[in-house]
Amino acid sequence: MKRARESQALRPPAFEYQGAASEAHPAELYCEAVALEGIAARHGTPLYVYSTAMIRARLNAFAQAFRSIPYTLCYSVKANSTLGILRLVASAGVGFDVVSGGELHRVLRVSRKAASKVVFSGVGKTAAEMELALRSGILLFNIESASELQLLSATATRLKKRAAVAVRVNPDVSAKTHPYISTGLHQHKFGVPIPEAQKLYALAANQPYLEVAGVSVHIGSQITDVGSFQEALERVADLVRALRDQGHDIRYIDAGGGLGISYEGAQGDFEKQIAAYAKAVLGPLRGLSLHLLLEPGRSIVGSAGVLLTRVLYRKTNNGKRFLIVDAAMNDLLRPSLYGAYHEIVPVNRGTRETEIIDVVGPICETGDFFARDRKLPLVREGDLLAILDVGAYGSVLGSNYNTRGRAAEVIVNGARAKVIRRRESLRDQLRMEES
Ligand SMILES: *Cc1c(COP(=O)(O)O)cnc(C)c1O
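Structure (C-alpha cells):
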C-alpha cells in the first residue's frame, strides 16, 4: 500500500522532507527532487549541497522588490565564490561586487561580459588589482581612503584608462549585528567619514582619469533591523544632494549588502522581509533620480546551501553527550568564529524522541563545534545530518587545518546534481610544499 505523501518544507523552495515520519519509514530530506542520502552516498561527506531554485528565487525577489527604480544587483562574491555558483548568478544577468583581484578573476572566468557590471570594494586594493580592474573595464571603484584615491589616479593615468569612482562613506550608524561583521561605525576600518568624503570628491574631480560617479555605503552583514539601512541611506542622500550642489555628477548610489536571513527555524516570509528592506532603502532616495546598486551576498545564497555530515561516534563524558561528526570547523567556521547558530536536522527523520547534545567535529580545538546543548532527534552512529543555511560564508571560509581536505560541493537543479568543486585530495594539499 502506498503511504500518504506528506511533506514538510524546511527551507522552501529548496529543502523539504518527503514521506510520513515513522520508525519504519523515516521522512527523507530532499534538495529539490534529489534525495540528500543518495547524494551523500555518491559523493561522500562532508559535502556542501546547493539549490538552484532557491538562488533563482532570491534573485527574483530582489528584482521584484526593486522594480520601481533603475538598479543593478551586484552579487557579493565573497559570500560564496565557487565558480558553479557564480555561473548560475551570472546567467541571471546580474553583476558582481568583488573585494580582490582573485574574485574579479573568478567573475571573468564565468563571464567576460559581466565585467561591465562589477563594483570593486575593499580597504586594501593593490596597484596590481586596480590594473586588472581597469583593464577589465569594471563599472565602479568604491574608494575607502585618500591614499587609495591617489594610487587609483596614478594607476589610471599610467594606463590611460578612465575609472568611475564612488567614495564609500562611513555613516556612523550601528548595524546592530555581530561586532565582527558590523562595519558602519567610525571605530571600524571601513569607509570615510562623511565630512572627509566631501574633500575626497573635490580631490577626485581634479584627477584627469578619475570620474566622480557615485556614493557607496555598506554598514555590515546579517542585519535584520531595516531601520539601520534607512538611517544610513538618509545620510547618504543628504551627501548626494550636497555633492550635486557642488557640481559633482552623482549617478549611482551603492547601498551595499547586509540584509540578514533567518537562521532559526521556520523561515520568515522572505518576500515580506525584502519588501521591508526595499522600503527602507528606497524611501530616503525618493526624488533623487539615481541608478541604485545593491551588493547582497548572504541573502542570495545563505539559505540555498546545506552541509551534509555523517555521525562518526556517539560519546558521553560524565553524562554530557556528544555527537562527533565528520565535518569540522575547517569546513564551516561560522559557529567557531561568530558563535553563529545553524539549525541541524537528521536527513532521515524517523523517531520523535529527542536528547540534549553537543555536535562537534574531529579537530583538536574546543572551538570545533556546530551546536552546544542542542535539542536534537535521537540519531545513531553512521546517520547523516544536514547543517542548514550554510550557503553564505561556508565553503569560502574553508581551510586545511589539521590537514583536512576541503569539502566537495554539489549544485542541484531539479532532479540533477552536479559537482561544482571536487573533494580536495591529499595530493592537492601537498602540491605547494617541499620537504
Ligand atoms: C561582505 C560585503 C557585502 C555582502 O554582505 P552580505 O551581508 O553577504 O549581503 C557587500 N558589500 C561589501 C562591501 C561587503 O564587504
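For the sequence shown, my numbering begins at 18 and goes up steadily by one. Think of the CB as a built atom: it goes at the ideal place given N, C-alpha and C, for glycine as much as any other residue. These numbers come from a predicted model, not from an experiment.
Item                                                                                                                      : Value
Burial state of A297 (16 or more Cβ within 10 Å)                                                                          : buried
Closer than 7 Å: G275 CB and nearest ligand 1 heavy atom                                                                  : yes
Burial state of R303, where buried means 16 or more other Cβ atoms lie within 10 Å                                        : exposed
V111 beta carbon near ligand 1 (any heavy atom closer than 7 Å)                                                           : no
Buried/exposed call for K142, threshold 16 Cβ in 10 Å                                                                     : buried
Buried versus exposed, by CB contacts within 10 Å (16 or more), G154                                                      : exposed
Contact under 8 Å by Cβ, A50 with G431                                                                                    : yes
Bridge-paired residues (DSSP) for E372                                                                                    : L393
Chain-order list of residues whose beta-carbon lies under 8 Å from that of G56 (same chain, five-residue window excluded) : For the sequence presented, residue 56 should be read as Ile rather than Gly. Within the same chain, I56 has close Cβ partners C48, L64, V66, L325, V427, V429 and A434.
Sheet register partners of K337 (DSSP bridge)                                                                             : N334
Whole-angstrom C-beta distance between A80 and A292, which should lie under 8 Å                                           : Not really, about 13 Å apart at Cβ, beyond 8 Å.
Proximity test, G314 beta-carbon vs ligand 1 heavy atom, cut-off 7 Å                                                      : yes
Spatial distance of I341 from K392 (CA atoms)                                                                             : 15 Å
Contact the region 400-410 vs the region 350-366: 3+ CB pairs below 8 Å                                                   : yes
R175 classed as buried or exposed, judged by whether at least 16 other C-beta atoms fall within 10 angstroms              : exposed
Limits of the beta strand (DSSP E) - the one that V66 falls within                                                        : L64 to S68
Sheet register partners of K435 (DSSP bridge)                                                                             : I428
Own chain residues within Cβ distance below 8 Å of R268, not counting five before or after                                : A230, G231, L307 and H308
The region 327-342 / the region 121-129 touching (three or more Cβ pairs under 8 Å)                                       : no
K193: CB within 7 Å of a non-hydrogen atom of ligand 1                                                                    : no
Beta-bridge partners of N159, as assigned by DSSP                                                                         : A183
Straight-line Cα distance separating S316 from E288                                                                       : 12 Å
Within 8 Å, strictly: CB atoms of A145 and I160                                                                           : no
Any non-hydrogen atom of ligand 1 closer than 7 Å to D406 Cβ                                                              : no
Limits of the beta strand (DSSP E) - the one that Y92 falls within                                                        : Y88 to S93
Close Cβ partners of R327 (< 6 Å) along its chain, the five nearest in sequence each way excluded                         : T62, D343 and L401
Heavy atom of ligand 1 within 7 Å of Q239 beta-carbon                                                                     : yes
Own chain partners of A357 with C-beta closer than 6 Å, once the 5 adjacent residues on each side are dropped             : R351
Alpha carbon of T333 to alpha carbon of I374, nearest angstrom                                                            : 9 Å
Unbroken alpha helix (DSSP H) run spanning G300, endpoints                                                                : F287 to L302
As assigned by DSSP and simplified to three states, the class of H308                                                     : strand
Spatial distance of R22 from H42 (CA atoms)                                                                               : With a pLDDT of 49 at R22, under the threshold of 50, the modelled position of that residue is not reliable, and the figure given next carries that caveat. Rounded to whole angstroms, R22 to H42 spans 12 Å at the Cα level.
Length of the line joining the Cα atoms of S170 and M147                                                                  : 10 Å
The region 87-96 contacting the region 126-133, beta-carbon criterion three pairs below 8 Å                               : no
Cβ-heavy atom distance, S353 to ligand 1, below 7 Å                                                                       : no
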